[in-house]
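Numbering (the numbering used here), first residue to last: 21 to 282.
Reviewing the structure listed below.
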């Protein structure tokens with residue numbers, strides 16, 4: 021098989037990628053990276069103003085892109101969003117699940133409602149996004165890629181209060197990655213995860229809101245800084261591209277060395 025120039029310069033040339041959670045800083049950076057790599061990109065999110073802005077930024081890379089509004093708390097809406105991707109582009113080759121929220125919940129004060137509100141978005145949505153896309157990929161008979169954005173908190177507890185729901189959801193998501201990888205492997209669908217430390221984004225502001233907090237966090241990271249959204253793009257694209265054909269069920273930590281010294 022001859023490799024063409026577009027395939028060499030843009031390894032995801034003509035692939036269709038869906039990025040739910042693409043309106044946050046991290047998801048938006050990944051969506052642009054997918055576009056630069058040649059993919060056709062669908063950005064998913066709840067805020068239509070942000071959807072338009074991120075979609076326009078992906079279009080600016082020269083990629084074909086569109087946005088789809090959906091509610092990650094609704095399994096029905098998740099299915100509808102995947103249908104919209106396939107109705108528009110004819111298929112879905114890549115899922116990058118960047119959906120995620122954090123709400124401070126101290127163990128002694130958390131309620132069932134507050135706990136469920138985090139798990140519904142961070143864990144349940146991941147399960148059913150993976151399922152909806154996998155069903156399409158099985159029908160397509162061309163394999164596929166699924167990448168879930170986790171956190172170092174999938175395996176490390178955080179010294180502080182209020183993270184019980186968040187860490188539980190990310191730990192559960194790590195097992196979704198592994199279990200889906202095993203079950204979907206016979207269909208040629210690779211499932212992996214990328215687990216960054218705190219990323220400079222809206223969601224991390226609670227942990228980086230004071231110079232003292234930032235300094236304390238950075239002091240624990242061997243590379244001496246928090247992650248930027250762009251730091252996570254390359255590892256994510258690796259799992260989406262041909263270089264990871266024989267890689268599935270893995271979680272890549274993008275944490276500046278944090279987990280290496282725990």
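For glycine and all other residues, C-beta sits at the position ideal for the given N, C-alpha and C.
Between residue i and residue j, which are expected to be in contact by the criterion C-beta below 8 Å, what is the C-beta distance as a whole number of angstroms?
i	j	result
residue 77	residue 52	6 Å
residue 164	residue 113	6 Å
residue 218	residue 246	5 Å
residue 121	residue 138	6 Å
residue 130	residue 185	7 Å
Going by the CB atoms, is the gap between residue j and residue i shorter than 8 Å?
i	j	result
residue 197	residue 153	no
residue 63	residue 43	yes
residue 111	residue 36	yes
residue 119	residue 141	yes
residue 61	residue 88	no
residue 178	residue 193	no
residue 277	residue 231	no
residue 248	residue 220	yes
Just the C-alpha distance for residue i and residue j, rounded to the nearest angstrom, thanks.
i	j	result
residue 254	residue 132	37 Å
residue 134	residue 240	30 Å
residue 176	residue 252	19 Å
residue 237	residue 159	45 Å
residue 189	residue 145	11 Å
residue 173	residue 91	24 Å
residue 244	residue 279	14 Å
residue 73	residue 67	10 Å
residue 206	residue 34	24 Å
residue 25	residue 261	At residue 25 the pLDDT is 48, less than 50, meaning the model places this residue with poor confidence and gives no usable figure here.
residue 116	residue 86	15 Å
residue 147	residue 281	31 Å
residue 289	residue 258	Nothing about residue 289 can be read from this structure; the chain reaches only from 21 to 282.
residue 187	residue 123	11 Å
residue 98	residue 157	16 Å
What are the residues that DSSP puts in a beta bridge with residue i?
i	result
residue 272	214
residue 117	168
residue 85	61
Contact the segment 28-46 vs the segment 55-69: 3+ CB pairs below 8 Å: yes
Does the segment 269-278 come within contact of the segment 210-221, defined as at least 3 CB pairs closer than 8 Å? Yes: the two stretches touch, three or more of their Cβ pairs being nearer than 8 Å.
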